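Peer 1: Chain order of the listed sequences is A and B. Numbering that gives the first Met the number 0 numbers the first residue of the first sequence as 0 and each following residue consecutively. Numbering that gives the first Met the number 0 numbers the first residue of the second sequence as 0 and each following residue consecutively. Where is the CB? At the ideal position from N, CA and C, for every residue including glycine. Computed from a prediction, not measured in an experiment: that's the story for all the values here.
There are 2 protein chains.
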Amino acid sequence: MSTYKTERKALDHSHHLSELAIRRGVSPLKGLFKYAAKPGMLVLAGGLPHEDYFPFDSISAQALVPDSYSTSSAIESNTESWFWKMLGLGSSKETRTKSLTIPRYPTEFGQVNLATSLQYGSATGIVQLQKIMKEFSGNVFQPSYDDWTTMIHTGNTDAWTRCVLTLLNPGEGFLTEEWTYPSAIASAAPYQIKPVSVPIDAFGMRAEALRQLLAGWDESARGMKRPRVMYTVPVGQNPSGVNVPFSRKKEIYDICVEYDIIIVEDDPYYFQQFAAYSPEGASEPTSSSPYSAKKYLASLVPSYLKIDHQGRVIRLDTFSKTIAPGSRLGWFTCAPLFAERLERQGETTTQAPCGFGQSLITQLLTNWQYEGYIRWLHGINAQYEMRRNQLIKSLADAFEVTPAPRLATGMWSGCDVLVASEKILPSSTIDEKRVFGRKQYFSFVPPAAGMFLWIKVHFAEHPAVLRGDEDELTLEMKLFVALAEGGVLIAPGWYFSADSTENHDEERGQGHYRIAFSHASPEEMKKACDVFASVLHQFFSH
Amino acid sequence: MSTYKTERKALDHSHHLSELAIRRGVSPLKGLFKYAAKPGMLVLAGGLPHEDYFPFDSISAQALVPDSYSTSSAIESNTESWFWKMLGLGSSKETRTKSLTIPRYPTEFGQVNLATSLQYGSATGIVQLQKIMKEFSGNVFQPSYDDWTTMIHTGNTDAWTRCVLTLLNPGEGFLTEEWTYPSAIASAAPYQIKPVSVPIDAFGMRAEALRQLLAGWDESARGMKRPRVMYTVPVGQNPSGVNVPFSRKKEIYDICVEYDIIIVEDDPYYFQQFAAYSPEGASEPTSSSPYSAKKYLASLVPSYLKIDHQGRVIRLDTFSKTIAPGSRLGWFTCAPLFAERLERQGETTTQAPCGFGQSLITQLLTNWQYEGYIRWLHGINAQYEMRRNQLIKSLADAFEVTPAPRLATGMWSGCDVLVASEKILPSSTIDEKRVFGRKQYFSFVPPAAGMFLWIKVHFAEHPAVLRGDEDELTLEMKLFVALAEGGVLIAPGWYFSADSTENHDEERGQGHYRIAFSHASPEEMKKACDVFASVLHQFFSH
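#1: Using the rule of at least 16 other Cβ atoms within 10 Å of the residue's Cβ for burial, across every protein chain shown, is A/Tyr144 buried or exposed?
#2: What residue from A/Leu406, A/Met410, A/Arg437, A/Arg23 has the CA that sits closest to A/Val400's CA?
#3: Could you spell out where the beta strand (DSSP E) holding B/Ile101 opens and where it closes?
#4: Comparing the C-beta of A/Asp56 with each C-beta of chain B, is any distance below 8 Å?
#5: Cβ atoms of B/Gly172 and B/Ile192: under 8 Å apart, would you say?
#6: Which same chain residues end up closer than 7 Å to B/Gly154 when comparing Cβ atoms and leaving out the 5 residues on each side of it in sequence?
#7: Measure the alpha-carbon distance for A/Thr148 versus B/Gly449 and round it to whole angstroms.
#8: Locate the beta strand (DSSP E) running through B/Val228, then write down its first and last residues.
#9: Would you list, in chain order, the members of the stretch 334-362 of chain B that have their beta-carbon closer than 9 Å to a beta-carbon of chain A?
#10: Could you list which residues in chain A have their beta carbon closer than 9 Å to that of B/Phe538, in chain order?
#11: For A/Arg22, count neighbouring Cβ atoms within 10 angstroms of its own Cβ and tell me buried if that reaches 16, exposed if not.
#12: Which same chain residues, not among the five before or five after A/Ala122, have their C-beta less than 7 Å away from its C-beta?
#13: Between B/Ser186 and chain A, is there a C-beta pair that is closer than 8 Å?
#14: I think B/Ser186 touches B/Trp159, with their Cβ atoms under 8 Å apart; what is that distance to the nearest whole Å?
#15: Return the CA-CA distance between B/Met524 and B/Gln382, expressed in angstroms with no decimal places.
#16: For the pair the stretch 56-66 of chain A and the stretch 519-535 of chain B, tell me if three or more CB-CB distances fall below 8 Å.
#17: Using a Cβ-Cβ cutoff of 8 Å, what residues of the stretch 144-176 of chain A are near chain B? List them in chain order.
#18: Can you tell me whether B/Ala44 is helix, strand or coil according to DSSP?
#19: Quick check: B/Phe270 and B/Pro244, are their CB atoms within less than 8 Å of each other?
#20: Which first and last residues belong to the beta strand (DSSP E) in which A/Tyr440 is found?
#21: Nearest-angstrom Cα distance between A/Ser80 and B/Asn237?
#22: For A/Asp253, count neighbouring Cβ atoms within 10 angstroms of its own Cβ and tell me buried if that reaches 16, exposed if not.
#23: Relative to chain A, which residues along the stretch 314-330 of chain B have a C-beta separation below 8 Å, given in chain order?
#24: For the candidate residues A/Ile379, A/Arg386, A/His457, whose alpha-carbon lies nearest to that of A/Leu417?
#25: Applying the 10 Å Cβ sphere with the 16-neighbour rule, what's the burial state of B/Glu93?
#26: Check whether the Cβ atoms of A/Thr179 and A/Ala497 lie closer than 8 Å to each other.
#27: Name the residue from B/Tyr119, B/Leu10, B/Leu43 whose alpha carbon lies nearest to the alpha carbon of B/Glu50.
#28: I'd like to know whether the C-beta atoms of A/Leu167 and B/Ile489 end up nearer to each other than 8 Å.
#29: In this structure, what does DSSP give as the bridge partners for B/Gly378?
#30: Mapping DSSP to helix, strand and coil, what is A/Trp83?
#31: Closer than 6 Å by C-beta to B/Glu258: which residues in its own chain qualify, once you throw out the five before and the five after it? Chain order, please.
#32: By the three-class DSSP mapping on this structure, what secondary structure does A/Asn77 have?
#33: Is the Cβ of B/Met40 closer than 8 Å to any Cβ of chain A?
#34: Applying the 10 Å Cβ sphere with the 16-neighbour rule, what's the burial state of A/Thr165?
#35: Between which two residues does the beta strand (DSSP E) containing A/Met150 stretch?
#36: How many angstroms separate the CA atom of B/Ser520 from the CA atom of B/Met204?
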């Protein structure tokens, strides 16, 4: 357990609870069932099936060892082996997995109890997992107050929906990035709770724009009270791929203190933060031996929790990107007031998370131990960094990718933007080779975290727009369809717009697309980029 | 797949959808992502982590074989072995489990794909499990219309909460048994949706009382529109233990047709229906060989689905009582209109159920096959019947248990009621032995299904009530505390009251308790009944 002390406590945020959250009762049996804990009590009160009737006598797993993946993000020259570059794994795969077993009743110290995991359980999750995640949050995120707590949940989507119902009343709004995770909007919309779009730049939500929005809030013009809640994905933001620097987080947090805003920090990509992209090479592997978790963790931009001295951050962590999405398991780190209300909501919905998933993940983390889990996260981080590099390399093979002049204003001011233009082929005519005449198709900033590359296609240069026949939104969909018919599927930008009026002021003439580098193989990436180049060539020709 | 055809389709029940359900959008990407299914498509659209980064290379289990438990409910004379009466199991336990393995990618026909199960998936669950449950519902429940469908959910508590939000608007009410499952009320209450209590008798909800309630509904007096939704636990009702006969189900269904009511049938105890209790003996084991699933299924009172010719039943099934509560897995069987809206809700909450649980349960059911699963259910059924018998036997050891005269009116009219009176000990005085002077402490009907015995304590006979000092509700809690302090925990009746005014007209002078026979060992049951007798003796003495 982390032993640091801040001598600060969470403020009382009870005025932030929704009417629904306030109406949630505490189980009337709570007071009565204090007796159940008494040793020797004969309990014939609860409706528990007997554990002997669970047909699973034991469950087990072959789990990869923590250092299965290198901490280097270098792209291997042999693309065949690139994909499965589990160091030392290769043919002797057996020796690189370890067997985990969870018997019905534990036979060894540290084993998870399957009978307990598969029984009705608390909405807070099985005790060992609670303990592991509490220690993890303390060590890794280091909240800036003392009475924070953690609580298991069933994945960040459900966790955010619980936050919506716990914090917001119908008719209210929540602040979010102008391009945001569509499910975050879909979860709130049926409850008549709407997103309020905040402009972003290459460093995330713009602090001065946020302040301006809040300071100038006109309740009657907006038809909505000034928002009290923010939903943000600060690392590897979906879809923009932005990683918010710590200084910017501090600015945003201070504004949230000033305007009394609760920050819901949805942070699935926290352990996928990359070194700056360089066409020359990748980050070097960590050479220190034994492995130092501290060094890797220090390389990551800290969480909002690190500056949260008032308990106004509800952090959502998930195992979806670090273990598997099918885990449907994660945890809140937040002030006890919120944890208690979120737990009550869990009790009348999913109750405890699935016991099979809880027990297997608990046994894995128990086996890996803290340092091992961090080592695993580091290896996965390097894999995604390698994938980012691979995608940009594939783009550079299919297009002419060159640095753009630094911009003074707009979303990408002050950062290194790359522009993808029509490729000069050896067979090109002299005319085609003229640099200034070459069509600049799209631009992007190499993503600093996460799974996505966000590109802006220069539809302002498209003949149909120049002629005044079409606008960028129509073209965005037309290009999406042309690409799909060419055999490549990427996500159109409008899907991520937090602003239904498409009021992205500084983005006029641009079409947006999100390209995932998390799943495709290098061969698929290369092929997709080639198709992309040929479709764009066609698309911009008329 | 069941091949019966009814040539009927579900009625259009869209007027039953809540405003919230109507506001739930369909994902705007649905139309666009038709392309994703195209063979050879290069998909860089979704945010999927790569399956190679899931640390689980395989998961496996040792699972009991389907006939691990006898189909006889006879209480074994040797109580030591009673508890673990797995026929033929004993010392050769190893030979009675079977190994299940789910590798990352299937290596054998019929194996579940772990990589797919642990990836982001549909809220409808993994394909093999969907197929199994659809076939199961068709074979076992036989809905009386053709276009019914099934959809996986994350346990009946979450499923009911989804039904509440899909069917009911704030300020509305739902019909339910006067004594009901407390979580069903707790799930709805924060949304300002209240239970409307319907009187029950020993055969469940009283049809004529339901009709009277609906026919005489006074909207202004009630401050609520006439209810359009019913929540009912028809088998082994919690807490009353009642099993609603098919004829009563038909009566109730017809009234629901007349008043256009949607029935949510929460049926966790369907496969725990017992033979009538007889002090002489238990039901005989099935002797037919090979085992006949059909015969067992025919012995069960059919589901409301069997008479549902209009698609107005939403049936909730769960693996909690048949596999394990920690599965957090079950399924809806209902009309497609409801399934679609319930799926939309799943997408913004839990998404897919946990992949570990889904894959293990799917592999188990695939291994057991349909007949095997029914055989397993039959064995578990016999176990709970044996437990019911054991509890009544323990009561008969601690009390004088005798048949009461048949009642003409009230909740227990027309059925065999047992009365538990002070035990005549050999050392008792002649006065104590006088039958008419003996204190009748409580009465009960042997439960016909489920996990619970529901008893009525005769507080009307208590000295304090006779003196006019106390009422039955105060005594109910006092006796609960006295029992708890004596070392026995049972659940007090008020906790299950659907009627906050405690307006159980025919239950004056009674205290209610729910005793679970699902978990305690025979020794614990015996000990608990002895404590109960001695506490009651004390309690009724002053």
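Peer 2: The answer reads as follows:
#1: To locate residue 144 of chain A, count along the first sequence from 1; it is residue 145. The residue in question, A/Tyr144, is buried, as its Cβ has 16 or more Cβ neighbours within 10 Å.
#2: One-based indexing of the first sequence puts residue 400 of chain A at position 401. Residue A/Arg437 is the option with its Cα nearest to A/Val400.
#3: Taking the first residue of the second sequence as position 1, residue 101 of chain B is located at position 102. Residue range 96-102 is occupied by the beta strand (DSSP E) that includes B/Ile101.
#4: For this step, residue 56 of chain A is matched to residue 57 along the first sequence. So, interface residue.
#5: Translated into the one-based positions of the second sequence, residue 192 of chain B becomes position 193. Translated into the one-based positions of the second sequence, residue 172 of chain B becomes position 173. Yes, Cβ-Cβ distance for B/Ile192 and B/Gly172 is below 8 Å.
#6: What you label residue 154 of chain B is simply residue 155 of the second sequence in a count that begins at 1. So the qualifying residues of the chain are Thr317, Ser319, Arg327, Leu328, Gly329.
#7: Stepping through the first sequence from its first residue, residue 148 of chain A is reached at position 149. Stepping through the second sequence from its first residue, residue 449 of chain B is reached at position 450. Going by C-alpha positions, A/Thr148 is about 38 Å away from B/Gly449.
#8: Taking the second sequence and counting its residues from 1, one reaches residue 228 of chain B at position 229. Unbroken beta strand (DSSP E) run through B/Val228: 228-231.
#9: Correct list: Arg343, Gln344, Glu346, Thr347, Thr348, Thr349, Gln350, Ala351, Pro352, Cys353, Gly354, Phe355, Gly356, Gln357, Ser358, Leu359, Ile360.
#10: Here the question's residue 538 of chain B lines up with position 539 in the second sequence. Taking a Cβ-Cβ threshold of 9 Å, none of the residues of chain A is close to B/Phe538; the smallest such distance is about 17 Å.
#11: Within the first sequence, the letter at position 23 stands for residue 22 of chain A. When all chains shown are included, A/Arg22 counts as exposed.
#12: What you label residue 122 of chain A is simply residue 123 of the first sequence in a count that begins at 1. In chain order, Glu342, Gly345, Glu346, Gln350, Ala351 place their CB closer than 7 Å to the CB of A/Ala122, counting only its own chain and leaving out the 5 sequence neighbours on each side.
#13: In the second sequence, residue 186 of chain B corresponds to position 187, counting from 1. The Cβ of B/Ser186 sits closer than 8 Å to at least one Cβ of chain A.
#14: Taking the first residue of the second sequence as position 1, residue 186 of chain B is located at position 187. Taking the first residue of the second sequence as position 1, residue 159 of chain B is located at position 160. B/Ser186 to B/Trp159, Cβ: 6 Å. Contact.
#15: Taking the second sequence and counting its residues from 1, one reaches residue 524 of chain B at position 525. Taking the second sequence and counting its residues from 1, one reaches residue 382 of chain B at position 383. When rounded, the distance between both Cα atoms is 15 Å.
#16: Verdict: no, contact absent.
#17: Flagged, chain order: Thr153, Gly154, Thr156, Asp157, Thr160.
#18: Here residue 44 of chain B is taken as the residue at index 45 of the second sequence, counted from 1. Three-state DSSP puts B/Ala44 in coil, outside helix and strand.
#19: Start at 1 with the first residue of the second sequence, and residue 270 of chain B comes out as number 271. Start at 1 with the first residue of the second sequence, and residue 244 of chain B comes out as number 245. No. Outside cutoff.
#20: Here residue 440 of chain A refers to the residue found at position 441 of the first sequence. Membership of A/Tyr440 in the beta strand (DSSP E) is indicated by the continuous run 439-443.
#21: Counting from one through the first sequence, the residue named residue 80 of chain A turns up at place 81. Counting from one through the second sequence, the residue named residue 237 of chain B turns up at place 238. With a pLDDT of 47 at A/Ser80, under the threshold of 50, the modelled position of that residue is not reliable, and the figure given next carries that caveat. Rounded to the nearest whole angstrom, the CA to CA distance from A/Ser80 to B/Asn237 is 58 Å.
#22: Start at 1 with the first residue of the first sequence, and residue 253 of chain A comes out as number 254. Counting Cβ neighbours within 10 Å, A/Asp253 comes out exposed, since fewer than 16 surround it.
#23: Those would be Ser319, Lys320, Ile322, Ala323, Pro324, Gly325, Ser326, Arg327, Leu328, in chain order.
#24: Residue numbering aside, residue 417 of chain A sits at position 418 when the first sequence is read from its first letter. Among A/Ile379, A/Arg386, A/His457, the Cα nearest to that of A/Leu417 belongs to A/His457.
#25: One-based indexing of the second sequence puts residue 93 of chain B at position 94. Annotation note: pLDDT 42 at B/Glu93 (below 50); position unreliable, no value reported.
#26: As a first step, residue 179 of chain A must be located in the first sequence, where it is residue number 180. As a first step, residue 497 of chain A must be located in the first sequence, where it is residue number 498. Yes.
#27: Numbered from 1 along the second sequence, position 51 holds the residue referred to as residue 50 of chain B. Minimum Cα distance to B/Glu50 is reached at B/Tyr119.
#28: Here residue 167 of chain A refers to the residue found at position 168 of the first sequence. Here residue 489 of chain B refers to the residue found at position 490 of the second sequence. Taking a C-beta distance under 8 Å as the contact criterion, A/Leu167 and B/Ile489 do not qualify as a contact pair.
#29: Locating residue 378 of chain B in the second sequence gives position 379, where the first residue counts as 1. When beta bridges are read from the DSSP output, B/Gly378 appears opposite no residue.
#30: Taking the first sequence and counting its residues from 1, the one referred to as residue 83 of chain A is at position 84. Because A/Trp83 sits at a pLDDT of 46, beneath the cut-off of 50, its placement in the model cannot be relied upon, and the following sentence gives the value as read from the coordinates. In this structure, A/Trp83 counts as coil in the three-state DSSP scheme.
#31: The residue labelled residue 258 of chain B in the question sits at position 259 within the second sequence. The sequence shown places Tyr at residue 258 of chain B, rather than the Glu named in the question. If you ignore the 5 residues before and after B/Tyr258, its C-beta comes within less than 6 Å of the C-beta of Leu213, all in its own chain and listed in chain order.
#32: Translated into the one-based positions of the first sequence, residue 77 of chain A becomes position 78. Confidence at A/Asn77 is low in this model, with a pLDDT of 44, below 50, so its placement is unreliable and the value that follows should be read with caution. Note: A/Asn77 maps to coil in three-state DSSP.
#33: The residue labelled residue 40 of chain B in the question sits at position 41 within the second sequence. Flagged as an interface residue toward chain A: B/Met40, by a C-beta distance shorter than 8 Å.
#34: Walking along the first sequence from the start, residue 165 of chain A turns up at place 166. Buried, by the Cβ-count rule.
#35: Start at 1 with the first residue of the first sequence, and residue 150 of chain A comes out as number 151. Note, A/Met150: beta strand (DSSP E), 148-152.
#36: Residue 520 of chain B sits at position 521 when you count from the first residue of the second sequence. Residue 204 of chain B sits at position 205 when you count from the first residue of the second sequence. Our two residues, B/Ser520 and B/Met204, have alpha carbons roughly 32 Å apart in a direct line.
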